[in-house]
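Residue numbers (my numbering), protein chains in the order written: chain A, 300 to 604; chain B, 19 to 352; chain C, 138 to 463; chain D, 6 to 520.
Below is one structure, written out as structure tokens; the observations come after it.
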Amino acid sequence: QEKIALVVKSLGNGFFDAAAKGAENAAKEIGGIEVIYTGPTSATAEGQIEIINSLIAQNVNAIAISSNDPDALVPVLKKAMDRGIKVISWDSGVAAEGRQLHLNPSDTNLIGETIIKLAADYLPEGGDVAILSASSTATNQNAWIDAAKKILPEKFPKINLVSVVYGDDDSVKSTNEAKGLISSFPNLKAIIAPTTVGVVAAAQVVTDSNLIGKVNVTGLALPSEFKQFIDNGSSQAVALWNPIDLGYSAVYLSHQLIGGTEAKPGAKFSIGKVGEITLDDTNSAAMAAPFTFDKSNIEEFSKIY
Amino acid sequence: MTDITHEARHIPDRLESPLRGAVFSWPTLLLIVGVVLFIVNSLASPYFLSPWSLSDATFNFTEKAIIALAMALLIIAGEIDLSVASIIALASTAMGVALQFGVGVPGLVTIGILTGLICGVFNGFLVTGLGLPSIVVTIGTMSFFRGISYIVLGDQAFKGYPAGFDYFGQGYVWWVVSFEFTLFLVFALLYYVLLHHTNFGRQVFTIGNNPVAARFSGVRVERVKFILFCLTGLMSGIAAVLLTSRLASTRPSIAVGWELEVVTMVVLGGVSILGGSGTIQGVVIAAFIMGLVTFGLGLLNVPGIVMSIFIGALLICVIALPILWARMRRRAAR
Amino acid sequence: MKTVILSREFWLAAIVAVMVIATNLRAPGFAAPDKLAGIFNDTAMLMILALGQMSVILTRSIDLSMASNLALTGMIVALINAAFPGIPIPALMLFACLCGLVLGAFNGILIWLLNIPAIVVTLGTLTIYRGIIFLIAGGQWVNADKLSPAFVQYTRIEFLGLPALSWYAIVVAVAFFILMTRTSLGRAIYAVGVNPTASVYAGIDVGRTKFATFLISGLLSGFCGYLWVSRYVIGSVEVAKGYELTIIAACVIGGISIAGGVGTVAGALLGALFLGVINSALPVINVSPFWQMAISGAAIILAVVLNARGEKRGSRLILREAEATS
Amino acid sequence: MTLPQRKPESMPVSSTPKITLSGITKTFPGVRALHKVALELYPGQVTAVIGENGAGKSTLVKTMTGIYQPDEGEIRINGELVTLSSPHAAFKLGITAIHQETVLFDELSVAENIYLGHALKTRFKTLDWAAMREKSSKLLKEIGAGHIAPDTRLKDLSIANKHLVAVARALSIDADVVIMDEPTAALSYKEIQDLFELMELLKKSGKAILFISHKFDEIYRIADRYTVFRDGEMVGSGLIADTNQDTIVRMMVGRSVDQVFPKQETTLGENVLTVSGYCHPTEFADINFSLRKGEILGFYGLVGAGRSELMQALIGITKPSKGAVKIGEDIAVIRSPAAAIENGIVYVPEERGKQGVVVDMPIVQNISLPSLRRTSKNGFLRLAEEFALAREYATRLDLRAASLSQNAGTLSGGNQQKVVIAKWLATKPRVIILDEPTKGIDIGSKAAVHAFMSELAAQGLAVIMVSSELPEVMGMSDRIVVMREGRIATTIEKNDGFDAEALVRAAAGIGEKAA
Ligand SMILES: Nc1ncnc2c1ncn2[C@@H]1O[C@H](COP(=O)(O)OP(=O)(O)OP(=O)(O)O)[C@@H](O)[C@H]1O
Ligand SMILES: Nc1ncnc2c1ncn2[C@@H]1O[C@H](COP(=O)(O)OP(=O)(O)OP(=O)(O)O)[C@@H](O)[C@H]1O
Ligand SMILES: [Mg+2]
Ligand SMILES: [Mg+2]
């Protein structure tokens with residue numbers, strides 16, 4: 300019996316619940332795997348550290364984590380690796396020395412481009428946009444934002460990124476930050492929220508402030524949570540990858556590490572029905588391109604995740 | 019009745035031996051709770067009784083417990099400091115800033131501890147110098163200290179602490195005994211002596227029981243309280259060094275929400291929130307109990323939030339049960 | 138007239154007004170009526186909660202469990218709404234009040250009958266109530282898609298240009314004003330805080346009065362539980378975490394003395410408004426929101442220092458001249 | 006000892022008692038405050054309750070107003086058995102009281118203080134502020150306190166004015182039974198006269214009045230009947246007209262008065278303390294006096310005369326605005342009690358429970374507190390030394406306690422006072438200030454304290470004794486300073502002979518133009 304712990308940023312988040320579903324599927328397919336789905340209730344590094352300490356004590360075979368802080372978790376994850384536990388990060392990564400491999404849901408640059416494109420597609424004349432992110436220490440969000448900033452001048456010269464704010468994946472904070480954006484930038488045309496919590500909060504603010512049609516909300520969203528905002532027009536389109544596949548792949552990767560496969564640049568891993576990945580020179584790999592949801596398909600996907 | 023006898027009358031020092039008193043004391047009650055929890059934990063999870071597990075468990079509470087020692091004195095003296103977690107954030111930030119200037123390990127530690135002390139002085143001045151109620155002052159400084167941390171760091175984090183700095187939060191003194199834990203035990207001993215065996219400790223109790231009578235008796239009430247605020251700040255600074263080292267990084271949101279956990283630990287340790295009574299032994303055992311509960315339930319993969327129900331219920335029960343018990347006995351006596 | 142000008146509330150109102158005007162100079166349009174209404178709406182819940190906390194603080198107690206009570210009640214009504222979308226929302230609001238009341242009563246009973254200090258009881262229930270949320274919700278959040286449209290609408294419907302949420306705050310404030318100044322319970326609350334012994338002599342049951350204030354704070358927390366979930370369209374374990382101290386901060390800034398017996402409804406409202414205005418003003422004048430925490434901390438400290446100034450002078454005035462000139 | 010026989014009552018024909026108490030017993034831990042007390046109050050009459058400090062008068066008042074529940078006994082109103090379960094129940098049954106301590110609300114307005122707990126309501130059941138203000142104003146005028154505005158906050162009033170508000174509060178309740186526990190203690194001459202006129206009015210309107218006072222002239226001026234208490238027991242009652250002061254005094258103390266004060270003659274030494282030009286912004290002004298070795302200097306005055314404030318300034322609790330203190334020949338600057346102890350001045354405070362003992366700490370720790378430096382070594386406690394010190398002084402003061410580790414709060418009042426005195430003597434002071442040293446302690450302990458005080462003086466200590474009890478000051482002092490409203494009214498040497506009336510006049514300001 301292999302024990303694989305799926306540690307998430309915070310419990311209750313629909314995105315991670317879906318990932319856990321995928322993890323269970325993988326465990327069933329492989330057989331002989333117990334998945335421990337756990338995480339703190341608030342998205343903090345200290346909470347994750349306490350959990351990892353107890354996972355180490357339970358002698359789990361692998362820890363697959365979506366981290367709240369790339370640096371603060373390194374010491375404790377190193378300790379886990381020292382005790383023979385395989386550690387991978389997925390979704391939101393840990394600094395290289397704290398894990399054996401990292402699974403990006405998608406190519407970072409691609410995501411960075413996608414989130415801008417989602418806004419730009421509906422702004423033929425260009426205009427002001429702002430980003431509402433998760434917490435300021437979230438690795439994945441920061442990487443996407445950096446990629447987005449890089450690509451802006453080349454591909455989207457008419458789009459003007461006026462501000463980046465942080466909602467800490469907390470609905471209230473995200474709401475307040477979205478409001479702040481709207482009042483500080485009267486010409487704002489779009490809010491880009493590459494986080495499932497923030498995007499809902501921003502869409503709600505736009506709906507409440509009667510700005511539907513004036514401010515377009517976009518970013519990364521779970522179809523089931525976000526459907527109503529596509530329906531009411533506060534958002535034209537959002538994107539996301541499949542969280543179920545992400546959790547599924549995390550378990551597959553962990554299983555292979557436990558089985559003795561070594562994680563080194565160039566190594567190939569099979570991830571069941573999703574396919575195969577190859578590690579790059581930072582021992583990370585990316586899955587498929589993000590998938591875009593709009594009026595045409597959200598109904599269908601909202602039933603899945 | 020009213021006649022005055024002038025023959026010297028002997029008054030014994032004590033009616034019962036101090037030992038007997040200790041047997042029926044709060045720390046003993048807590049100790050029993052602790053032992054029971056220990057046994058329950060080892061039955062509930064096969065992983066519990068391993069030296070490394072237990073050692074790992076100590077990391078979850080030592081920093082808080084180190085602050086709780088000083089907080090216990092402060093609460094016994096009838097004050098409270100809710101800014102301790104924010105002091106950690108500010109001290110950690112100060113270390114991070116120093117790091118940017120290439121300060122070495124000894125310098126970092128000094129700056130962390132010193133920042134804590136300065137925050138303590140600030141609290142102490144506001145409370146004793148201006149005569150303000152500590153609970154609101156420290157709610158204010160709680161936002162203020164962490165706020166400074168946010169101003170400095172914003173959405174950034176400090177990382178890249180030098181090699182050697184990791185020893186404080188991650189190093190082991192001997193086998194499974196971590197540096198943090200050793201430090202905690204040493205401090206526990208120091209605070210035990212300070213509170214229970216020195217004039218200063220006696221004055222702390224007196225102030226908590228009756229600040230007016232203490233003042234009338236020549237105790238420099240304000241000064242004692244000021245020192246206690248400084249001590250609490252200092253201990254928070256030390257906790258900041260440990261935590262920063264353990265996390266190997268600094269963020270402004272570090273240790274958020276710890277203040278209430280520290281207070282809970284102190285109150286659970288049998289320190290009266292109204293001041294005047296309490297023991298260091300109790301606080302130490304309470305720290306262990308909180309560590310045991312969280313770790314034991316953690317091994318069963320019970321989320322932290324559910325553990326907090328246990329802690330909260332334990333807190334209310336250990337306070338309420340003696341009251342109910344006394345009441346029932348009184349009723350039975352009638 | 139002179140007393141009005143010298144009162145804390147007047148100065149606090151003046152400071153809030155100056156802040157609004159100054160912000161408007163830097164960022165014209167900030168003081169536009171609809172923007173101000175927006176700020177008021179954003180502060181509405183804090184106002185309601187601050188009033189509840191005020192009634193508790195006036196009796197020399199403190200309620201640290203308000204935010205947890207709010208979150209728990211919010212989760213309960215959210216779950217009910219998700220499971221039975223047909224239940225009319227006003228009924229659900231009433232139920233939220235009732236839930237909050239029960240949770241408040243639990244605090245109150247322990248404080249009244251067992252005489253445990255309020256800070257200990259509510260420190261315990263602070264964690265207990267929040268933990269229960271996780272249990273009843275099974276660790277899930279209740280998201281927008283699970284809530285009925287009516288549930289979300291009941292804080293947003295506009296009436297005379299103000300959203301319902303603002304009206305709730307106005308109604309609570311008026312009710313509170315009447316409670317505190319025109320009813321025996323209100324005056325008993327003050328009396329208990331000013332002098333518990335004298336209150337006993339005056340025939341006031343100190344324990345029961347404290348109990349009543351915990352009912353009030355519980356009820357208002359419960360009500361805000363519904364408002365919160367409806368407004369932010371999410372029910373989760375994390376709702377309003379750490380907010381208990383913001384509520385107390387609003388009270389303190391509003392001049393409500395932690396030592397009991399001193400404070401007014403207007404003060405509590407202005408204290409909340411002060412924090413609300415800072416929240417809204419900072420982003421508008423391009424101060425990084427990261428400054429907000431330090432500023433509100435400094436404001437609290439300043440408020441306590443200033444309030445203490447007004448209260449010093451504990452002497453008894455034995456000399457006749459001293460009384461005449463005071 | 007023989008007690009005077011209770012006189013057969015020559016009751017006015019028309020009168021049946023309005024309220025009857027019988028067999029009332031009330032005990033506090035360690036103290037039996039009331040024992041099988043009986044009392045009757047008649048409509049239209051004033052009954053004076055007389056007794057020494059601590060005789061149980063105020064406790065009786067509190068049982069009659071529902072604040073304390075008696076352990077035994079019954080209370081009847083108009084012959085009907087009632088239980089006064091709460092102060093509210095007492096209001097409802099028509100009993101109102103002015104309590105000895107002014108128990109009022111500092112932060113609230115005068116009108117509110119008067120009406121709290123029985124507020125006037127409008128039709129809508131809300132408080133009727135306008136009516137309350139108006140009626141308060143009228144009430145205050147009636148008792149001669151028209152100068153107090155109903156809107157003033159109570160904390161801005163002096164103690165005398167606060168007391169008048171308390172009187173107004175009591176009268177705002179339309180009650181048949183009016184209880185007044187030392188209502189005149191804090192009032193000046195004119196205010197007392199106003200109060201008496203009012204009492205006459207109340208009498209005429211048929212109210213049954215219970216009046217407590219230590220001043221015989223007042224009792225003779227206003228009372229129709231008397232009841233005497235001693236040590237919690239009723240030892241006599243009857244019509245004032247049928248008795249005289251001597252009988253009452255004998256009933257009160259149960260022995261002749263002068264043997265209580267065993268002041269030894271001492272030869273006075275050099276000046277140890279000289280106070281000159283001492284002032285405080287609000288509490289006292291122009292204080293000049295000196296104190297000699299072996300002397301007992303009495304400070305007399307009405308309650309609220311500012312004596313305690315003066316003494317507290319001397320030991321650095323409050324800050325004087327100007328003036329100088331010399332200890333021996335040297336100017337001493339005393340900014341804190343710690344400094345006072347170093348200079349050899351100690352103060353046994355008036356409010357024993359609040360300022361003196363730490364009730365939840367053991368006797369031994371109470372006694373050693375100001376001497377910790379001597380009993381410890383390098384800041385570390387040495388329990389053996391502490392116990393030795395405590396044992397020495399406990400024995401010297403003949404403390405009655407089960408053990409030295411007992412909490413001080415479990416002792417009787419008198420023994421608590423001994424603990425406080427022991428605590429201060431243990432510091433080996435040169436000047437000891439005793440503020441109301443026998444307040445609320447039983448007769449036996451009182452005598453012990455007096456004996457001890459005199460012994461201290463004989464041993465060369467300089468003693469300042471603040472007291473509001475005339476016999477005590479007159480019996481114990483070598484010299485008496487009389488204070489009134491924060492100033493020294495007069496100083497009387499023993500050689501000039503102490504005259505009770507002169508002292509009272511000086512303290513109350515009688516014979517001067519009313520201020
Ligand atoms: N709450 C209490 N707890 C314990 N003892 C008390 C309490 N109240 C009064 N006593 C004691 O009961 C006795 C009677 O006190 P009481 O106040 O009735 O005296 P009194 O006759 O009013 O004296 P005075 O003339 O000084 O006002 C005293 O020994 C006092 O110490
Ligand atoms: N202004 C006041 N308000 C309320 N209580 C007062 C006030 N002044 C005095 N008291 C109370 O009355 C009691 C006696 O007062 P106290 O008079 O000691 O004042 P003092 O000026 O020191 O006079 P004394 O000359 O009687 O010692 C004390 O218990 C005190 O708390
Ligand atoms: Mg009395
Ligand atoms: Mg006095």
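Cβ atoms here follow ideal geometry from the backbone N, Cα and C, with glycine treated the same way.
Please list, in chain order, the chain C residues whose beta carbon lies closer than 7 Å to that of Leu121/D.
Per Cβ cutoff of 7 Å: Arg324, Ala328, Ala339.
With a threshold of 16 other CB atoms inside 10 Å of the CB of Tyr421/A, please say whether the residue is buried or exposed.
By the neighbour-count rule (16 or more Cβ atoms within 10 Å), Tyr421/A is not buried but exposed.
Along the beta strand (DSSP E) that carries His401/A, what are the first and last residues, could you check?
Per DSSP, His401/A belongs to the beta strand (DSSP E) from 400-403.
Quick check: the segment 355-369 of chain C against the segment 165-172 of chain C, are there 3 or more CB pairs under 8 Å?
Judged by Cβ distances under 8 Å, the segment 355-369 of chain C makes no contact with the segment 165-172 of chain C, as fewer than three pairs qualify.
How far does the alpha helix (DSSP H) with Phe455/A in it reach, from first residue to last?
That residue, Phe455/A, is in no alpha helix (DSSP H); it is neither H nor E in DSSP.
Residues of chain C with CB under 7 Å from Glu524/A, in chain order?
Neighbours of Glu524/A on chain C, chain order: Asn280, Ala281, Asp282.
Rounded to whole angstroms, what is the Cα-Cα separation between Gly546/A and Ala322/A?
Going from the Cα of Gly546/A to the Cα of Ala322/A covers about 5 Å.
Starting from the Cα of Leu552/A, find the closest Cα among Thr343/A, Arg398/A, Ser473/A and give me that residue.
Comparing Cα positions, the closest option is Arg398/A.
Check the C-beta distance from Gly187/B over to Leu260/B and give it rounded, since I have them as a contact under 8 Å.
Going by Cβ atoms, the distance from Gly187/B to Leu260/B rounds to 5 Å, so yes, they are a contact pair.
Buried or exposed: Gln250/D, going by 16 or more other Cβ atoms within 10 Å of its Cβ?
With fewer than 16 other Cβ atoms within 10 Å, it is exposed.
For Met316/D, count neighbouring C-beta atoms within 10 Å of its own C-beta (all shown protein chains included) and say buried if the count is 16 or more, exposed if not.
It is buried - the Cβ of Met316/D has at least 16 other Cβ atoms within 10 Å.
From the DSSP output, in three-state form, read off Ser114/D for me.
If DSSP states are grouped into helix, strand and coil, Ser114/D belongs with the strands.
Give, in chain order, every residue of the segment 329-349 of chain B whose Cβ lies closer than 9 Å to some Cβ of chain C.
Those would be Ile329, Gly330, Ala331, Leu332, Leu333, Ile334, Cys335, Ile337, Ala338, Ile341, Leu342, Arg345, in chain order.
Against chain D, does Arg238/B count as a neighbour if the rule is that its beta carbon must be under 8 Å from one of theirs?
Output row for Arg238/B: interface = yes.
What residues of chain A sit near Gly182/B, judged by a beta carbon separation below 8 Å?
Those within 8 Å of Gly182/B in chain A number zero; the least Cβ separation is about 14 Å.
Check whether the segment 510-524 of chain A and the segment 485-500 of chain A are in contact - that is, three or more C-beta pairs closer than 8 Å.
The segment 510-524 of chain A vs the segment 485-500 of chain A: in contact.
From the DSSP output, read off the bridge partner residues of Met470/D.
Gly303/D, Leu439/D, per the DSSP bridge assignment.
Considering Cα atoms alone, identify which of Ser508/A, Gln535/A, Gly512/A, Val514/A is closest to Ala520/A.
Considering only alpha carbons, the answer is Gln535/A.
As a quick exercise: from Asp579/A, Met586/A, Asp580/A, pick the residue whose alpha carbon is nearest that of Leu539/A.
Of Asp579/A, Met586/A, Asp580/A, the residue nearest in Cα terms is Met586/A.
Between Ala171/D and Ile103/D, is the Cβ-Cβ spacing less than 8 Å?
Yes, the pair counts as a contact, with Cβ atoms nearer than the cut-off.
Whose Cβ in chain A lies nearer than 7 Å to the Cβ of Ile371/C?
By Cβ distance, chain A contributes Ser470.
By the criterion of Cβ-Cβ separation under 9 Å, what are the contact partners of Pro165/C in chain A?
Near Pro165/C there are no residues of chain A at all, since even the closest Cβ is about 11 Å away, more than 9 Å.
Name the residues in the segment 458-483 of chain A whose C-beta lies less than 8 Å from a C-beta of chain C; which are they?
Those would be Val464, Asp469, Ser470, Val471, Thr474, Asn475, Glu476, Lys478, Gly479, Leu480, Ser482, Ser483, in chain order.
Suppose you measure from the CA of Thr443/D to the CA of Leu215/D; what does that come to, to the nearest Å?
Going from the Cα of Thr443/D to the Cα of Leu215/D covers about 25 Å.
Counting only C-beta atoms, is Ser463/C closer than 8 Å to chain D at any point?
Because Ser463/C sits at a pLDDT of 41, beneath the cut-off of 50, its placement in the model cannot be relied upon, and the following sentence gives the value as read from the coordinates. Taking Cβ atoms only, chain D reaches closer than 8 Å to Ser463/C, which makes this a yes.
Does Met138/C get closer than 8 Å to chain D when you measure Cβ to Cβ?
For Met138/C, the predicted model reports a pLDDT of 43, less than 50, meaning its position is unreliable and no value from the coordinates is stated.
If you measure beta-carbon to beta-carbon, which residues of the segment 103-115 of chain D are closer than 8 Å to chain C?
Per Cβ criterion, the list reads His104, Val108, Leu109, Phe110, Asp111, Glu112, Leu113.
Quick one: what does DSSP say Met239/D is sitting in, helix, strand or coil?
Three-state DSSP puts Met239/D in a strand.
Using a Cβ-Cβ cut-off of 6 Å (strictly less than) and excluding sequence neighbours within five positions of Phe411/C, which residues of its own chain qualify?
Closer than 6 Å at Cβ, skipping near neighbours: Val153, Ile390.
Considering only residues of the same chain and omitting the five flanking positions on each side of Leu135/B, which have a CB-CB separation below 7 Å?
Once the five neighbours on either side are set aside, the close Cβ partners of Leu135/B are Cys248, Gly251, Leu252, Gly255.
My understanding is that Ile55/D touches Tyr305/D, with C-beta atoms under 8 Å, so please give their C-beta distance in whole angstroms.
Ile55/D to Tyr305/D, Cβ: 21 Å. No contact.
Where does the unbroken beta strand (DSSP E) through Gly28/D begin, and where does it stop?
That run of the beta strand (DSSP E) goes 24-33.
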